[in-house]
Amino acid sequence: MPMACWPACSGATSFRTWWICSGMSGTEIFRPEAVSFRQKRLYGNITVVAEPATNYVVIALCAAAALAIGAAMFGEYARTEAAAGVITTTKPLAKILAPKPGIVSDVVVKEGQHVKAGDKLLVVSVDTPLGNDESYSQENLRSLERQAAITADQLGVIRANMAVERNRIEGELAYSTDELAQIVSQIEMQRQLAKSLETTLSKWESLVKQGYFSQYTLDEKRQEFLEHQQNLSKLMQQQSSVKARMANLKTQLVALGSAERKQVNENRIQTESIRQNSSAAKAAGHYVVTAPISGTVSSLMAIPGKSLRSQGLVLNIIPDNTTFEAELFAPSRAIGFIEPGQSVRLLYDAFPYQKFGSYAGTVVAVSKSALSPSDIDVPLNLQEGVYRVRVKLRQDHVAAYGKTFPLQAGMALKGNIVLERRSFLDWLLEPIRTVRDRV
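Each step along the sequence shown adds one to the number in UniProt numbering, with nothing skipped, and position 371 is 371.
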């Protein structure tokens with residue numbers, strides 16, 4: 001622009017005025033579009049008007065931020081300590097172990113079945129097979145069965161022989177009794193006859209003295225009297241002989257009873273020995289596992305045909321009148337603040353907490369001394385000394401998929417023990433309080 005025009009145009013209040021004053025054409029410097037935009041622009045300041053809904057959103061966001069900050073500052077936060085553990089029972093489980101190696105031949109019980117002390121649980125075969133599709137115990141049992149049959153036959157023969165001999169003795173004794181009765185009767189008759197002859201002989205002696213009869217007749221009467229006396233003596237001897245024979249028969253009868261009892265007892269002893277040998281043979285071929293206590297069968301490991309090792313776990317029995325509890329094993333570095341009454345959140349490995357949540361419990365006891373990993377018989381990988389923490393469960397089941405699943409002894413879990421609850425402000429001020437307490 002010429003310098004002569006500058007003073008005259010210096011008072012222009014706008015670019016357009018200045019442009020006209022200068023007498024310059026827009027086509028000389030700027031594009032026509034730019035010149036047209038400048039000529040048609042709006043006058044005044046631009047103000048953005050907000051809608052009412054936007055104000056409400058801003059207010060709500062500010063309130064939410066204030067609440068979040070307040071909750072963060074004054075809300076309580078729990079300090080927890082994690083520990084691994086398992087589900088156990090208040091009364092110790094009865095672990096049934098195989099006393100010696102063998103193969104399970106029969107399982108009488110099933111999982112969850114209630115048993116009483118002494119009930120048969122399973123049968124384990126420990127037999128030695130032979131080459132003829134038989135076992136050693138079976139062959140031995142067959143031999144013992146044959147011996148038992150022979151012994152039973154011998155007992156029958158003994159009883160039969162003794163019965164025959166007893167009948168013979170009793171028959172002779174009955175005959176002798178009858179014979180003795182006849183002899184006694186004859187003796188009585190002979191005595192009466194002898195007495196009568198003695199009286200008659202006295203009369204004959206008086207008549208002979210008077211001369212009525214000869215001496216010869218008297219001698220005949222005396223001879224007759226003596227014959228009767230002699231017959232009486234023979235009968236008395238026969239009576240004594242029969243009595244002696246009867247006494248002997250009675251002695252034989254008593255001896256026969258003693259001999260029979262002796263032989264029968266010997267046979268019974270032999271039979272009992274065979275029975276014991278049979279029991280031993282059966283025991284040598286298999287053994288029976290029985291329940292030591294009353295309870296519920298759990299963790300049944302035995303199935304027919306399974307091979308068992310010595311002292312291997314067969315099953316567990318959960319005692320009657322017992323409840324489940326959690327047994328946690330806290331490391332030494334965390335045991336200082338754990339005490340009875342603290343809350344515990346339990347996370348069961350079988351039921352992931354991301355889907356099924358955690359379950360509540362309460363610490364009821366804490367061991368006073370540390371346990372080494374070798375002292376703990378649980379399926380946990382413990383690498384250091386731990387303290388046993390017993391936790392009472394609020395419920396002994398887990399609800400999942402609309403069903404109720406009872407807890408099982410031995411289930412692995414993790415427990416978060418709540419040591420204390422403090423606000424975020426307390427956490428921030430803790431270092432200051434610590435320094436103040438030290439001072």
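Just so you know, even glycine gets a beta-carbon here, dropped at the ideal spot from N, CA and C.
For LYS355, there is no enclosing beta strand (DSSP E); the enclosing alpha helix (DSSP H) covers residues 353 to 356.
In the three-state reduction of the DSSP assignment, THR251 falls in the helix class, which pools H, G and I.
TYR348 and PRO92 have their C-alpha atoms spaced approximately 21 Å apart. GLU327 counts as buried, since no fewer than 16 other beta carbons sit within 10 angstroms of its beta carbon.
When DSSP states are grouped into helix, strand and coil, LYS209 belongs to the helix group.
With a minimum length of 3 residues, the unbroken runs of beta strand (DSSP E) contained wholly in the segment 225 to 291 fall at 286 to 290. For VAL363, the three-state secondary structure derived from DSSP is strand. By alpha-carbon distance to GLU139, the top candidate from ALA284, PHE337, GLU224 is ALA284.
Here the C-alpha atom of ALA255 lies approximately 18 Å from the C-alpha atom of LYS243. Annotation: the continuous beta strand (DSSP E) that includes ASN316 extends over 313 to 319. Residue environment for PHE337: exposed (fewer than 16 other C-beta atoms within 10 angstroms of its C-beta). DSSP places LYS403 inside the beta strand (DSSP E), whose first and last residues are 403 to 406. VAL363 and VAL107 have their C-alpha atoms some 39 Å from each other. Secondary structure of THR199 (DSSP, three-state): helix. Close CB contacts of LYS116 within its chain, under the 6 Å cut and outside five residues either way in sequence, are with SER294 (chain order). Of all alpha-carbon atoms in PRO379, GLN395, LEU121, PHE356, the one lying nearest the alpha-carbon of TYR401 is that of PHE356.
For the options ASP396, GLY361, PRO379, the alpha carbon positioned closest to that of ILE417 is the one of GLY361. As DSSP reads the structure, PHE329 sits in a beta bridge with ALA84, ARG388. ALA302 and ASN316 have their C-alpha atoms spaced approximately 11 Å apart. Three or more beta-carbon pairs separated by less than 8 Å are not found between the segment 183 to 201 and the segment 261 to 272, which leaves the two stretches without contact. By a beta-carbon distance limit of 8 Å, PRO292 does not contact ALA98. Their separation comes to about 14 Å. Shown here, LEU180 sits in a helix according to DSSP, grouped into three states. In the three-state DSSP reduction, GLY156 falls in the helix class (H, G or I).
For the options GLN192, LYS100, LYS282, the alpha carbon positioned closest to that of SER310 is the one of LYS100.
About 5 Å separates the Cβ atoms of ILE96 and VAL314, confirming a contact at the 8 Å cut-off. Excluding the 5 residues flanking it on each side, SER105 has same chain C-beta neighbours closer than 6 Å at VAL123, SER125, in chain order.
With fewer than 16 other Cβ atoms from the protein chains shown falling within 10 Å of its own Cβ, GLN182 counts as exposed. DSSP places THR90 in no beta strand (DSSP E); its state is neither H nor E. Pairing LEU407 with SER307, the inter-Cα distance amounts to about 29 Å.
Our two residues, GLU145 and LYS282, have alpha carbons roughly 12 Å apart in a direct line.
Nearest to SER367 by C-alpha distance, out of ALA399, SER279, ARG390, is ARG390. Around the beta carbon of ARG388, 16 or more other beta carbons sit within 10 angstroms, so the residue counts as buried. Taking each of LEU300, LEU419, THR271, TYR56 in turn and checking the Cα distance to ILE335, the smallest one comes out for LEU419.
For LEU380 and THR88, the gap between their C-alpha atoms comes out near 13 Å.
For GLY312, the closest C-alpha among the options TYR353, ARG166, SER299, LYS209 is that of SER299. Distance between ILE376 and LEU346, taken at the CA atoms: about 20 Å.
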